[in-house]
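Residue numbers (the numbering used here), protein chains in the order written: chain R, 2 to 337; chain H, 2 to 203.
In this text, a Cβ means the ideal position worked out from N, Cα and C, and glycines have one as well.
Read the structure below first, then the notes.
Right, dumping it as structure tokens:
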């Protein structure tokens, strides 16, 4: 009876085949690996894959995840220059992968990045999208994001720092390690343990380069200074992305989107009030002001103010429940 | 009980490493459990010197079964016990002798269940004859298989021999992304690093 030969489907079968001389040890390890990967999928998916292997083509699923990540990127308000760069990186990775398939020389894929920009300009959000993108493209096994800052990396006594830093690196393996206010690692001069953290990170970037993408983020000017004082770093971070401050119109769009998701709406007066307030804050030049996080605070505050305003009323219409008026915004303008 | 398994191609020095490492950790009499591919077990107690004389050799396939030794590492105020398991050498391709194949299957089963994998490669051979001669498909497959685990290190053995430095460099390039520890099983070099690595995972 002629029967199509199926590769072994359980570990025990692999071992039997090995004993029978139907597999070499190298082949056996390769099958073990694919079995392990199957096992890692959530159980409900695994059963589905077993029953109808064609329905969930992993290639197709990956393409969909990539498309979804890029769609989420496009949905972000503003950030045009950032989006362009993300697409550039995506195209670069894809072409390098195609070249490698065609057995052409490839550029080494160093994907470590520097994000420069004020707080609340979308750095973490974009980092998350990068993680999903790299996972979908097969550059990183997991694509998750581990966020940390100086306190998570730098220890209190000699030897403690390397240990803490390595722990963060371990957690980030397979994904992205995102270090906020990275320049603070260089403050405190030569004797500061921050230097040790930088050294440990640089080592991990080399040793684990296929499993880890490092993103250093922080204020533009401080990051520039940080790179100047650590000249070795610049070349290790080929991708540098500038996150510009949002324009007032973009901030209002962001506010609209946030409110829409929560099923609220701004009245015309509220919108004007918000606009004036944002303009005024942008002019003040304080980098903490005039970003998406501030807008979110204003909106959340306004939602609470609206609740207080409405709760005393005897009669509340559906429309009232949705509208954020000038008065709600006004109250926020005094609060930070 | 955590199991630390030592694998590698034939004649890379697995058995010598296991015995020397046991001695390095302070064991003077080794209680060695031999587990045949069929499942029979027997235990022998040997001194380190006796064990090296009896168990390790220049000939390939000296080790045809799993040989495990229980070891202790100081952890905090107490000790942690773990088994270090010596295995039959991995071969390329399919071996003609069913006994070797059975030993191979036993090794792979043990690798699958291991908590910690130490993968020995021959750095001297890599330096002398090129990395492609010294490591084979099976080594790459092991490395890829183990990539999904944290507790995996490549030990570049025989650094006492000439040309081994070149070999270690080549191995580092070839297996970048993995933990690589240069050692000499014969002279117990690099054992401190190995101990630290083992300590982290048991």
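Requested in this report: Would you mind reading off the limits of the alpha helix (DSSP H) that contains residue 270/R?
Outcome: Stepping through the first chain from its first residue, residue 270/R is reached at position 269. Note, residue 270/R: alpha helix (DSSP H), 269–285.
Query raised in the report: Are at least three pairs of beta-carbons, each pair with one atom in the segment 93–112 of chain R and one in the segment 147–166 of chain R, less than 8 Å apart?
Result: no
Query raised in the report: Nearest to residue 270/H by CA position, among 125/H, 23/H, 2/H, is which residue?
Result: What is shown of chain H runs 2 to 203, which leaves residue 270/H out entirely.
Report task. Indicate the three-state DSSP secondary structure (helix, strand or coil) for residue 4/H in the structure shown. Result -> Counting from 1 along the second chain, the entry for residue 4/H is found at position 3. Correct three-state label for residue 4/H: strand.
Query raised in the report: What does a CB cutoff of less than 6 Å around residue 148/R pick up in its chain, not counting 5 residues either side in sequence?
Result: For the purposes of this step, residue 148/R is taken as the residue at position 147 of the first chain. Counting only Cβ-Cβ distances below 6 Å, and skipping sequence neighbours, we find 179.
Query raised in the report: Taking the alpha carbon of residue 87/R as the point to measure from, which residue in 119/R, 126/R, 265/R has its own alpha carbon closest?
Result: One-based indexing of the first chain puts residue 87/R at position 86. The shortest Cα separation from residue 87/R among 119/R, 126/R, 265/R belongs to 126/R.
Query - Cα-Cα separation, residue 176/H to residue 8/R - result: One-based indexing of the second chain puts residue 176/H at position 175. One-based indexing of the first chain puts residue 8/R at position 7. Each residue's Cα considered, the two are about 28 Å apart.
**Report entry** CB contact below 8 Å: residue 14/H versus chain R
**Finding:** The sequence position of residue 14/H within the second chain is 13, counting from 1. With 8 Å as the cut-off, residue 14/H does not count as an interface residue toward chain R.
Requested in this report: With 7 Å as the limit, tell me which residues of the segment 242–256 of chain R have their beta carbon closer than that to any beta carbon of chain H; keep them in chain order.
Outcome: none
Report task. State the beta-bridge partners of residue 153/H as determined by DSSP. Result -> Locating residue 153/H in the second chain gives position 152, counting from the first residue. Answer is 118/H.
Query raised in the report: What number of angstroms, rounded off, separates the C-alpha of residue 134/H from the C-alpha of residue 27/H?
Result: For this step, residue 134/H is matched to residue 133 along the second chain. For this step, residue 27/H is matched to residue 26 along the second chain. About 35 Å.
Report task. Can you pull the chain R residues whose beta carbon is under 7 Å from the beta carbon of residue 68/H, in chain order? Result -> Here residue 68/H corresponds to residue number 67 of the second chain, with the count starting at 1. By Cβ distance, chain R contributes nothing, its closest Cβ being about 19 Å from residue 68/H, past 7 Å.
Query raised in the report: What is the C-beta distance between residue 111/H and residue 86/H, in whole angstroms, given that I count them as a contact (C-beta under 8 Å)?
Result: Within the second chain, the letter at position 110 stands for residue 111/H. Within the second chain, the letter at position 85 stands for residue 86/H. Between residue 86/H and residue 111/H the Cβ distance is about 6 Å, and since that is below 8 Å, they are a contact.
Query raised in the report: Alpha carbon to alpha carbon, what distance is there between residue 244/R and residue 124/R?
Result: Walking along the first chain from the start, residue 124/R turns up at place 123. Walking along the first chain from the start, residue 244/R turns up at place 243. Rounded to whole angstroms, residue 124/R to residue 244/R spans 7 Å at the Cα level.
Report task. Would you mind listing the alpha helix (DSSP H) stretches within the segment 133–176 of chain R that are 4+ residues and don't spill past its ends, in chain order? Result -> 151–154, 161–173
Query raised in the report: Between the beta-carbon of residue 71/H and the beta-carbon of residue 48/H, is there less than 8 Å?
Result: Here residue 71/H refers to the residue found at position 70 of the second chain. Here residue 48/H refers to the residue found at position 47 of the second chain. The answer is no: Cβ separation not under 8 Å.
Query raised in the report: Can you list, in chain order, the residues of its chain whose CB lies under 7 Å from that of residue 9/H, leaving out five sequence neighbours each side?
Result: As a working mapping, residue 9/H is identified with position 8 in the second chain. Cβ within range, chain order: 15, 90, 91, 120, 121, 122.
Query raised in the report: Nearest chain R C-beta to residue 135/H closer than 8 Å, yes or no?
Result: Residue numbering aside, residue 135/H sits at position 134 when the second chain is read from its first letter. No, no contact with chain R.
Query - residue 77/R to residue 79/H span [Cα, whole Å] - result: Along the first chain, one-based indexing puts residue 77/R at 76. Along the second chain, one-based indexing puts residue 79/H at 78. So the alpha carbons of these two residues sit roughly 55 Å apart.
**Report entry** Length of the line joining the Cα atoms of residue 324/R and residue 256/R
**Finding:** Within the first chain, the letter at position 323 stands for residue 324/R. Within the first chain, the letter at position 255 stands for residue 256/R. Roughly 13 Å separates the two Cα atoms.
Query raised in the report: Is it right to say residue 158/H is buried, meaning 16 or more other beta carbons lie within 10 angstroms of its own, or is it exposed?
Result: On the second chain, position 157 is the one that residue 158/H refers to. By the neighbour-count rule (16 or more Cβ atoms within 10 Å), residue 158/H is buried.
Query raised in the report: So which of 165/R, 222/R, 214/R has the shortest CA-CA distance to residue 195/R?
Result: Reading the first chain from its first residue, position 194 is the one you call residue 195/R. Considering only alpha carbons, the answer is 165/R.
Query raised in the report: First and last residue of the alpha helix (DSSP H) that includes residue 50/H?
Result: Taking the first residue of the second chain as position 1, residue 50/H is located at position 49. 49–56 is the extent of the alpha helix (DSSP H) around residue 50/H.
Query raised in the report: Run through DSSP, which three-state label would residue 77/H get?
Result: Position 76 of the second chain, counted from the start, is the residue given in the question as residue 77/H. Three-state result, residue 77/H: coil.
Query raised in the report: Is the distance from the Cβ of residue 166/H to the Cβ of residue 185/H below 8 Å?
Result: Translated into positions along the second chain, residue 166/H becomes position 165. Translated into positions along the second chain, residue 185/H becomes position 184. No, these two residues do not count as a Cβ contact at 8 Å.
Report task. Would you list the residues sitting across from residue 84/H in a DSSP beta bridge? Result -> By 1-based counting over the second chain, the position of residue 84/H is 83. Per DSSP, 4/H, 71/H.
Query - Limits of the alpha helix (DSSP H) - the one that residue 198/R falls within - result: Sequence index remark: in the first chain, residue 198/R carries index 197 (1-based). First-last of the alpha helix (DSSP H) with residue 198/R: 195–208.
Query raised in the report: Is the beta carbon of residue 252/R sitting closer than 8 Å to the one on residue 279/R?
Result: Within the first chain, numbered from 1, the residue matching residue 252/R stands at position 251. Within the first chain, numbered from 1, the residue matching residue 279/R stands at position 278. Their beta carbons are under 8 Å apart, which means residue 252/R touches residue 279/R by this criterion.
Report task. Kindly list the residues whose CB is nearer than 7 Å to the CB of residue 234/R, restricted to its own chain and excluding five residues on each side of it in sequence; keep chain order. Result -> Working through the first chain from its first residue, we reach residue 234/R at position 233. Correct list, in chain order: 228.
Query raised in the report: To which residues of the same chain is residue 315/R closer than 6 Å at the C-beta, ignoring the five residues directly before and after it?
Result: Position 314 of the first chain, counted from the start, is the residue given in the question as residue 315/R. Excluding residues within five positions, none has a Cβ falling inside 6 Å.
Query raised in the report: What residues from chain R crowd round residue 142/H, counting only those whose CB sits closer than 7 Å?
Result: In the second chain, counting from the first residue as 1, residue 142/H sits at position 141. By Cβ distance, chain R contributes 27, 30, 31.
Query raised in the report: Who are the near neighbours of residue 317/R in its chain, counting only those whose CB is closer than 8 Å to its CB and skipping five residues on each side?
Result: Walking along the first chain from the start, residue 317/R turns up at place 316. For residue 317/R, where only same-chain residues beyond five positions count, the Cβ hits under 8 Å are 311.
Report task. Report the three-state DSSP secondary structure of residue 9/H (helix, strand or coil). Result -> If you number the second chain from 1, residue 9/H lands on position 8. It is a strand residue.
**Report entry** Proximal residues of chain H, C-beta to C-beta of residue 22/R below 7 Å
**Finding:** For the purposes of this step, residue 22/R is identified with residue 21 of the first chain, where counting begins at 1. Those within 7 Å of residue 22/R in chain H are 95, 102.
Query raised in the report: Excluding the five sequence neighbours on either side, which residues of its own chain have a C-beta within less than 6 Å of the C-beta of residue 322/R, listed in chain order?
Result: Within the first chain, the letter at position 321 stands for residue 322/R. Within the same chain, residue 322/R has no close Cβ partners at all.
Query raised in the report: Whose C-alpha, out of 206/R, 84/R, 328/R, 61/R, is nearest the C-alpha of residue 270/R?
Result: The residue labelled residue 270/R in the question sits at position 269 within the first chain. Of the listed residues, the one whose Cα sits closest to residue 270/R is 328/R.
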